[in-house]
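Shown next, in structure tokens, is the structure this report addresses.
There are 2 protein chains.
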Amino acid sequence: MSQLWDSLFSEAAGAIKPSPIREMLHLIRQPGMISFAGGMPDPAIFPVSEFYEATAILRDSGRDVLQYGTTEGYGPLKDFLSAWTAPRMGRRLKEEELLITSGSTQVVDLLNWAIVDKGDVIIVEEPSFMGSTLNMHNHGADFETISCDAEGMEVHLLPEKIEALQKAGRKVKYIYCITNFHNPLGCTLTVERRKALLDVAYRYGIPILEDDPYGYVRFDGDHLPTLFSLDEKGMVIYACSFSKILAPGTRLGWCAGPAELIRKMAIFKQGVDVCSCVVSQALVYEYCRQGHLEAFLPKIIAHYTKKRDAMEEAFKRHLPLDEVHWVKPEGGFFYWLETPKIDVDELFRKAIDQKVAIVPGHTFFVGQGGHHNCRLCYTFASPEEIDEGARRLGSAMRELL
Amino acid sequence: MSQLWDSLFSEAAGAIKPSPIREMLHLIRQPGMISFAGGMPDPAIFPVSEFYEATAILRDSGRDVLQYGTTEGYGPLKDFLSAWTAPRMGRRLKEEELLITSGSTQVVDLLNWAIVDKGDVIIVEEPSFMGSTLNMHNHGADFETISCDAEGMEVHLLPEKIEALQKAGRKVKYIYCITNFHNPLGCTLTVERRKALLDVAYRYGIPILEDDPYGYVRFDGDHLPTLFSLDEKGMVIYACSFSKILAPGTRLGWCAGPAELIRKMAIFKQGVDVCSCVVSQALVYEYCRQGHLEAFLPKIIAHYTKKRDAMEEAFKRHLPLDEVHWVKPEGGFFYWLETPKIDVDELFRKAIDQKVAIVPGHTFFVGQGGHHNCRLCYTFASPEEIDEGARRLGSAMRELL
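Protein sequences, first through last, are from chains A and B.
First residue of the first sequence: 1290, per my numbering; consecutive thereafter.
First residue of the second sequence: 1290, per my numbering; consecutive thereafter.
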């Protein structure tokens, strides 16, 4: 029947590529492998007993929780989020500005349903999170890319690119920006650039999707104001997730935005999964209500600060320092290494041989680039594994120099 | 900013209509309203304590369950389903033939991603489940419709329609069929027609999506073989869900199909929600492993048989029998009434005034029709409410005759 299916597959299916990281899982799971690949939290600090405590809600409100939920999200969880996110959002979100989603990946999917037609342009940082660009690609979007430096997206490059696109009759639908502890770069957009980015949005009438899964996981320095809180014209859609601040297995995220857009996204959500898992929403709500979210955050930060520091030290100890460059991240999950003299695909193979897994940088590019870069996640491995993994990686690098 | 968003919305967003049933919720929730509208299970029989028992898995395997899951689904749940569904599937499904989804609505979404391009044709029963047709519509599909009678889809009408479409150069991508206890019609496709439908699929090279959320909920007579089990050529994608046999709040469904198609669907799933809720998958697995699924099914069937019978009796007691026609369903959730002399929108308004909620039949039509029909769900209301609701509905009908 192979021939039959080949003739039936959609254009998107013909063009689709699996996520290289998801596909790497069988390599990563080899015995003895140290993984810096997937952006996974450390299961050792999952709040298992606190989350288990929250199951009381399944016993006490089982009849509600086991029924269909409203598409917009479980009311008590929305109320909690509205209050809890207020410091970051600059105000309490109204009910109609907030949508609970099945992970923050679904925010991208629903936004694309709501505003992207085939051939529309989305402006993305280059490199960017491939889970998001994969979804944009599936929706038929074309990409315009903006490079980043240590201060985040190079916002000053936007006007010229946008004007050229608009002159060519292209519809630019939104700018996708990972503002804090960028995936894969680790960098954070400065306040000046945040303001400049909003100015661009206002000037050209192009909204911004602010993707902020890592924002709460800051090790050093002060939190910067979100684009959403700086925005005075309702041009920012803010996406966040419980994956990094609680646990990815809950598969819950949320987004905030103008009510009329949230409404459209919710209608599309009716057609993709009706509502997010009510059981999970109720458990997460009860966990939050008992104060565990607030209490867990400093633990995550302390735990991952140690790991970030362990990786920094291990790099200094084991990598060929003249041939590798990086910027120490102030939060989040990732280091981004630059190896000007080393091809990353060769490095990847040598590293796998030595039982350490990294993600080649080009994985995160929609265009060309990243062939001398790799992303390393420090949250999953133990400090001892981080040291040993860096030693193996350094050895793999030296073989290629 | 309204103008801005109006200029940004996608073509699909411009054309999208919210699910009338989801939108009806505020009406249905009025105090004193008896609802025959939403296709909701009765929360009174949710297996709350058995499901709560299953939470032990969150305590004992918390670190696994709270982590990201594989896109294809939680392994133990897939293994369980492969064995448990074998009698219905005709054999044990292989791992690569089975995909766990975020409700069975997501099966339709992922299948559309995998095989439907804008302008392709999907053949649907008319009327059909609007959650599915909404998703198909969003993907830009065009519809060809096939009418149904008491024996299900009128399969003999297919060849002429398909040949005309193929002659016109249209790509017919699949046939969507709710084989058992159709939503909204309540009818079941006969064995003869199942075989004839497969013949059509083979003859024209058009696969079938067999949507079977109600199949296990049979009150009378014997289970009929699924299309999937009758299929010898890998042309059937089978979709099912835990929503009606356990609880919709788990938001879990699954599908079975040819490995190469399942693989494509899983890659699209990476881009829409990464994986289905692992917490929910683990809870459902543990619930099933403890034998509760098997034990709960006869309870559901007994409970809903009583309600179906209560509605049958109440109709006979309260409706103007000369002016209303129906077929008693052998399973599932729904009655479909025909009222040749009554416009259903007028009936809907009168019924709401009398505090009983129904769904107008035209809601389920992608084309014209259903203006003298309505769908009534008997699973949600109590037998007393069913009697009183039918009395109110009969009174509303008489006002319009």
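The C-beta atom is built at its ideal place from N, Cα and C for all residues, glycine as well.
Query                                                                                                                            : Result
Boundaries of the beta strand (DSSP E) in which V1410 (chain A) is found, first to last residue                                  : V1410 to E1415
Exposure of P1496 (chain B), with buried meaning 16 or more beta-carbon neighbours within 10 Å                                   : buried
Distance CB(L1504 (chain A))-CB(I1526 (chain A)) smaller than 7 Å                                                                : Looking at the sequence itself, residue 1504 (chain A) is Gly, so the reference to Leu does not match. In this structure, I1526 (chain A) does not lie closer than 7 Å to G1504 (chain A) by Cβ.
I1464 (chain A): first and last residue of the uninterrupted beta strand (DSSP E) it sits in                                     : V1461 to I1467
Where E1395 (chain B) meets chain A, residues with beta-carbon distance less than 7 Å                                            : Here the sequence assigns Gln to residue 1395 (chain B), which means Glu is not the residue at that position. Those are V1561 and D1562, listed as they occur along chain A.
Continuous beta strand (DSSP E) assignments of at least 3 residues falling wholly in the segment 1537-1563 of chain B            : 1542-1545
For L1541 (chain A) and E1440 (chain A), the rounded distance between their alpha carbons                                        : 29 Å
Proximity test, Cβ basis, 7 Å: S1308 (chain B) and chain A                                                                       : yes
Cβ pair C1566 (chain B), C1566 (chain A) closer than 7 Å                                                                         : yes
Sheet register partners of S1530 (chain A) (DSSP bridge)                                                                         : A:G1542
Assigned exposure category for E1414 (chain A) - 16 Cβ within 10 Å defines buried                                                : buried
Bridge partner(s) assigned by DSSP for V1645 (chain B)                                                                           : B:I1323
The segment 1676-1688 of chain B touching the segment 1600-1609 of chain B, judged by at least three CB pairs closer than 8 Å    : yes
Sequence-distant residues of the same chain with beta carbon closer than 6 Å to K1617 (chain A), five excluded per side          : E1601
Cutoff 7 Å: L1347 (chain B) Cβ touching any chain A Cβ                                                                           : yes
Check whether I1551 (chain A) and A1599 (chain A) have beta carbons under 7 Å apart                                              : no
Pick from A:A1326, A:D1331, A:Q1319 and A:V1354 that is closest to A1333 (chain B), judged by C-alpha positions                  : A:V1354
Proximity below 7 Å, CB of S1299 (chain A) to CB of I1404 (chain B)                                                              : yes
Under 8 Å by beta carbon: chain A residues contacting M1329 (chain B)                                                            : Q1356 and Y1357
Nearest-angstrom Cβ-Cβ length linking P1537 (chain B) and Q1356 (chain A), presumed shorter than 8 Å                             : 6 Å
Burial state of D1487 (chain A), where buried means 16 or more other Cβ atoms lie within 10 Å                                    : The sequence as given places Leu at residue 1487 (chain A); Asp does not occur at that position. The residue is buried, with at least 16 neighbouring Cβ atoms inside 10 Å.
Per-residue contacts from I1526 (chain A) into chain B (C-beta, under 9 Å)                                                       : Within chain B, no residue comes near I1526 (chain A); the closest Cβ sits about 11 Å away, beyond 9 Å.
Continuous beta strand (DSSP E) assignments of at least 3 residues falling wholly in the segment 1417-1462 of chain A            : 1431-1438
Per-residue burial, Y1576 (chain A) [other beta carbons within 10 Å of its own, 16 or more giving buried]                        : buried
Close beta carbons around F1557 (chain B), own chain, < 7 Å, minus the five adjacent residues each side                          : L1399, W1402 and A1403
Limits of the unbroken beta strand (DSSP E) element including T1594 (chain A)                                                    : Here T1594 (chain A) belongs to no beta strand (DSSP E); instead the alpha helix (DSSP H) covers H1581 to H1607.
Neighbour flag for I1556 (chain B) against chain A, beta carbons, 7 Å                                                            : yes
Residues of its chain near G1620 (chain A), where Cβ-Cβ distance is below 7 Å and the 5 sequence neighbours each way are ignored : N1469, F1470, Y1503, V1506, R1507 and F1508
CB of H1614 (chain A) within 7 Å of CB of E1635 (chain A), strictly                                                              : no
Classification of Y1491 (chain A) by the beta-carbon crowding that lies within 10 angstroms, buried from 16 upward               : exposed
Near the ligand NAD: L1478 (chain A) beta-carbon under 6 Å from a heavy atom                                                     : Ligands in the displayed structure: none, and consequently the ligand NAD is not present.
Cβ-based neighbour list, R1459 (chain A), same chain, cut-off 6 Å, excluding 5 preceding and 5 following                         : V1410
Distance, M1425 (chain B) Cα to F1517 (chain B) Cα                                                                               : 22 Å
Alpha-carbon spacing of R1482 (chain B) relative to W1373 (chain B), whole angstroms                                             : 26 Å
7 Å Cβ shell around K1522 (chain B) - same chain, five flanking residues per side excluded                                       : Y1491
For R1289 (chain A), the first and last residue of its enclosing alpha helix (DSSP H)                                            : Nothing can be reported for residue 1289 (chain A), as the shown portion of chain A is limited to 1290 through 1690.
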